[in-house]
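Please read the structure below before turning to the comments.
2 protein chains.
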Amino acid sequence: MKKLRRSARLVDMTQHLLARPHKLIPLTFFAEQYGAAKSSISEDLSIIKELFESEGVGLLRTVAGAAGGVKYIPLTNTEDAQAGMERLCRTLESSGRLLPGGYLYMADLLGDPEVLSEIGKVFATVFAESEADYVMTVETKGIPLAYATAYYLNIPVVIVRRYSKVTDGSVVSINYVSGSSKRIQTMSLARRSLPENSKVLIVDDFMKAGGTARGMMDLLEEFKAEVVGVGVFMETANVEERLVDDYVSLLRVTEVDVRDKEIRLELGNYFKNKE
Amino acid sequence: MKKLRRSARLVDMTQHLLARPHKLIPLTFFAEQYGAAKSSISEDLSIIKELFESEGVGLLRTVAGAAGGVKYIPLTNTEDAQAGMERLCRTLESSGRLLPGGYLYMADLLGDPEVLSEIGKVFATVFAESEADYVMTVETKGIPLAYATAYYLNIPVVIVRRYSKVTDGSVVSINYVSGSSKRIQTMSLARRSLPENSKVLIVDDFMKAGGTARGMMDLLEEFKAEVVGVGVFMETANVEERLVDDYVSLLRVTEVDVRDKEIRLELGNYFKNKE
Chain F
1 MKKLRRSARL
11 VDMTQHLLAR
21 PHKLIPLTFF
31 AEQYGAAKSS
41 ISEDLSIIKE
51 LFESEGVGLL
61 RTVAGAAGGV
71 KYIPLTNTED
81 AQAGMERLCR
91 TLESSGRLLP
101 GGYLYMADLL
111 GDPEVLSEIG
121 KVFATVFAES
131 EADYVMTVET
141 KGIPLAYATA
151 YYLNIPVVIV
161 RRYSKVTDGS
171 VVSINYVSGS
181 SKRIQTMSLA
191 RRSLPENSKV
201 LIVDDFMKAG
211 GTARGMMDLL
221 EEFKAEVVGV
231 GVFMETANVE
241 ERLVDDYVSL
251 LRVTEVDVRD
261 KEIRLELGNY
271 FKNKE
Chain G
1 MKKLRRSARL
11 VDMTQHLLAR
21 PHKLIPLTFF
31 AEQYGAAKSS
41 ISEDLSIIKE
51 LFESEGVGLL
61 RTVAGAAGGV
71 KYIPLTNTED
81 AQAGMERLCR
91 TLESSGRLLP
101 GGYLYMADLL
111 GDPEVLSEIG
121 KVFATVFAES
131 EADYVMTVET
141 KGIPLAYATA
151 YYLNIPVVIV
161 RRYSKVTDGS
171 VVSINYVSGS
181 SKRIQTMSLA
191 RRSLPENSKV
201 LIVDDFMKAG
211 GTARGMMDLL
221 EEFKAEVVGV
231 GVFMETANVE
241 ERLVDDYVSL
251 LRVTEVDVRD
261 KEIRLELGNY
271 FKNKE
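Pasting the structure below:
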């Protein structure tokens, strides 16, 4: 690469870091790339670091030593996260979203890349230190959230299927009891999609009694995997018996009035624990 | 916002633009944000523009006039795209990927955020001028590709379901004939998920005879939508009767030898048309 002026170098380093979250980049990489001294690269990084922190983009973490370098950790600060989730609460409470049966229509929000990026970055903030190797979810609605989270953690996604397909190869299946409807259901995961002893972060869009999350945790035992976190976008309050103890929710449904078609939401336990 | 030095301003403008593909940002926004003269902002933008182009990040398009501004268009240049897709061909050809029935295992690749971003950006390049309002796909395997594409086009995703759910509200369903298996299947889309007269880009992971894509096109007629493009990650060669004429493929399967468990791939029609 030809030698760049500092201004162009800053632009290139910024785009390079943003495209590779949680990845350690040796300072020598940048030094060689730009034919610049390590000390100049360090100065550039401190400019980027300061801006990323002041603008709520995330952290630049410097790792010292021979195997060292710099890592971009995407982080949303708590006030921004809270403001964003409050805004989603108000949007979801707006009329016409409550469907027959008390279900909430949110496919439009979970189809919007900007909203997904926002939620995914909040999950990536919550679980930034989880050391997860994989994000896991169950088809279908959790998939976009799992990918948005995985993007910012820069780790792969594995998708548990409710209906196993021939294109998965050999699968491990379990039966589980849906916590709220008490029905017996099946979920399965391709054997080759998850190496044994992996650390797994479970992400899903919705949790009522937690039967689905419990099922995923049981399935993970078959893979000798360690569950390092459970994140749900939305949980419901007033659940008699929760099948999962340790989870993070971003939003909580507190009231569903099917007759008047009204729904009330508040911030989830992630923000309550912060107060 | 406090006045930033040029170096910090360049870092912030870069991250701001990268996070908002295809969105017009008025120069006055940056000028006010940083308390800087428009002429300084223009100079900064030309530094970013030059770097983005030389490094294959994309284009910065300047729109003149009162309603003008600058827009970041993510673009992968053809050589990079071709090299990336060639690499995927070789990975997919490696042994152990061919499953019983001649299916190809690729869940690991489509679970990797870096691979997905690469493919999504290529689709966003192909359809950069399509003026699509929505990306549409059918559950399940096309979903991550659709989101990766939608991220770079900065438009929402709508997901067609094979099994309609009560959480979708009222849906439009059609029956269609799978082109290869000749079975009659159903697909449905929530009425409220797509406004009438939308421009839609169809994205899917795999196309054989094109029955599923044809089904989506028929379904879109019910929404008075215009199909502005069809992109498939992988198509199969040697199809007797293709149900869709106009589509872009990135990869093509040319040979499947089930007995010897071997598969051969080449670049898809997007690259052939470029030659």
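These protein sequence lines are chains F and G, in that order.
The numbers in the first sequence follow UniProt numbering, run straight up by one, and end at 275.
The numbers in the second sequence follow UniProt numbering, run straight up by one, and end at 275.
Yeah, the Cβ is synthetic: ideal placement off N, Cα and C, and Gly gets one too.
Under the rule that 16 or more other beta-carbon atoms within 10 Å means buried, what is residue i, buried or exposed?
i, result
"G/Arg-214", "buried"
"F/Pro-21", "buried"
"F/Ala-64", "exposed"
"F/Lys-208", "buried"
"G/Ala-148", "buried"
"F/Asp-204", "buried"
"F/Thr-254", "exposed"
"F/Thr-28", "exposed"
"G/Val-57", "buried"
"G/Gly-96", "exposed"
"F/Pro-156", "buried"
"G/Leu-184", "As written in the sequence, residue 184 of chain G is Ile, which differs from the Leu given in the question. Exposed: under 16 other Cβ atoms inside 10 Å."
"F/Lys-182", "exposed"
"F/Gly-101", "exposed"
"G/Ala-124", "buried"
"G/Gly-68", "exposed"
"F/Lys-121", "buried"
"G/Val-258", "exposed"
Are the CB atoms of residue j and residue i within a distance shorter than 8 Å?
i, j, result
"F/Val-115", "F/Tyr-270", "no"
"G/Ile-92", "G/Leu-110", "Correcting the residue type first, residue 92 of chain G is Leu in the shown sequence and not Ile. Result no, Cβ atoms of G/Leu-92 and G/Leu-110 do not sit closer than 8 Å."
"F/Leu-10", "F/Ile-47", "yes"
"G/Leu-153", "G/Val-135", "yes"
"residue 276 of chain G", "G/Gly-268", "Past the edges of chain G, shown from 1 to 275, lies residue 276 of chain G, and the structure says nothing about it."
"G/Leu-99", "G/Glu-262", "no"
"F/Glu-131", "F/Val-228", "yes"
"G/Asn-197", "G/Ala-237", "no"
"F/Thr-212", "F/Ser-178", "yes"
"G/Pro-113", "F/Ala-81", "no"
"F/Leu-75", "F/Leu-59", "yes"
"G/Ile-25", "G/Val-70", "yes"
"F/Ala-36", "G/Glu-50", "no"
"F/Val-232", "F/Asp-133", "no"
"residue 280 of chain F", "F/Ile-73", "Not covered by the structure: residue 280 of chain F. The range shown for chain F is 1 to 275."
"F/Met-106", "F/Leu-250", "no"
"F/Arg-192", "F/Val-172", "no"
"F/Lys-274", "F/Thr-78", "yes"
"G/Phe-30", "G/Ile-41", "yes"
"G/Thr-62", "F/Thr-14", "no"
Is the CB of residue i under 8 Å away from at least one CB in chain F?
i, result
"G/Thr-14", "yes"
"G/Asp-257", "no"
"G/Leu-251", "no"
"G/Asp-260", "no"
"G/Glu-55", "yes"
"G/Gly-169", "yes"
"G/Val-160", "no"
Check the C-beta distance from residue i over to residue j and give it rounded, since I have them as a contact under 8 Å.
i, j, result
"F/Asp-218", "F/Ile-174", "6 Å"
"F/Arg-161", "F/Asp-168", "7 Å"
"G/Met-234", "G/Phe-206", "5 Å"
"G/Val-230", "G/Val-244", "6 Å"
"F/Leu-265", "F/Cys-89", "4 Å"
"G/Asp-12", "F/Glu-43", "So it is not a contact: roughly 17 Å between Cβ atoms."
Nearest chain G C-beta to residue i closer than 8 Å, yes or no?
i, result
"F/Pro-195", "no"
"F/Ala-8", "yes"
"residue 277 of chain F", "Chain F is shown from 1 up to 275; residue 277 of chain F falls before or after that span and cannot be answered."
"F/Leu-51", "yes"
"F/Leu-18", "yes"
"F/Ile-47", "yes"
Closer than 7 Å to a non-hydrogen atom of the ligand NAD - does that hold for the CB of residue i?
i, result
"F/Pro-113", "Because no ligand of any kind appears in the structure shown, any question about the ligand NAD cannot be addressed here."
Item to check | Contact residues within the stretch 104–129 of chain F, judged by C-beta distance below 8 Å to chain G | outcome: Leu-104, Tyr-105, Ala-107, Asp-108, Gly-111, Asp-112, Pro-113, Glu-114, Leu-116, Ser-117
Checklist entry - What residues in the stretch 82–104 of chain F have a beta carbon less than 8 Å from any beta carbon of chain G? => result Leu-99, Pro-100, Gly-101, Tyr-103, Leu-104
Item to check | Interface positions of the stretch 133–156 of chain F facing chain G (Cβ-Cβ less than 7 Å), listed along the chain | outcome: Glu-139, Thr-140, Ile-143, Pro-144, Tyr-147, Ala-150, Tyr-151, Asn-154, Pro-156
Checklist entry - According to a CB-to-CB cut-off of less than 8 Å, which residues of the stretch 183–209 of chain G neighbour chain F? => result Ala-190, Arg-192, Ser-193
Next on the checklist: Any C-beta of chain F within less than 8 Å: which residues of the stretch 236–250 of chain G qualify?
Outcome noted: none
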